[in-house]
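In this note's numbering, the protein residues as written are 74 to 150.
Glycine included, every Cβ here is placed at the ideal spot set by N, Cα and C.
Below: the structure, in structure tokens.
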């Protein structure tokens, strides 16, 4: 993903997968209702030991060329 070339959307974690990956349902009104994206945790979240469990609201960065994968950058409280 090129620097600065991203789409920021909000979502809800649906499922936890191995290797710090998650299935996230996108809640942004500009995307289809049941869009599920596979996301991995960003490096800053790993360094600071931020835990993510199913049901958490998160911000995810999507690549405009492939919106099926993304990077989780923020967990809302």
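So, is residue i buried or exposed, given that buried needs 16 or more other C-beta atoms within 10 angstroms?
| i | result |
| --- | --- |
| residue 131 | buried |
| residue 114 | buried |
| residue 86 | buried |
| residue 120 | exposed |
| residue 90 | exposed |
Hey, could you find the ends of the alpha helix (DSSP H) residue i is sitting in?
| i | result |
| --- | --- |
| residue 143 | Premise fails: residue 143 lies in the beta strand (DSSP E), 139 to 148, not in any alpha helix (DSSP H). |
Ends of the beta strand (DSSP E) at residue i?
| i | result |
| --- | --- |
| residue 132 | 130 to 136 |
| residue 112 | 109 to 114 |
| residue 84 | 80 to 90 |
| residue 103 | Neither: residue 103 is in no beta strand (DSSP E) and is coded neither H nor E. |
Out of the options, state which residue places its alpha-carbon closest to the alpha-carbon of residue i.
| i | options | result |
| --- | --- | --- |
| residue 93 | 137, 111, 128 | 111 |
| residue 98 | 141, 118, 78 | 141 |
Opposite residue i in the DSSP bridges: which residues?
| i | result |
| --- | --- |
| residue 96 | 88, 111 |
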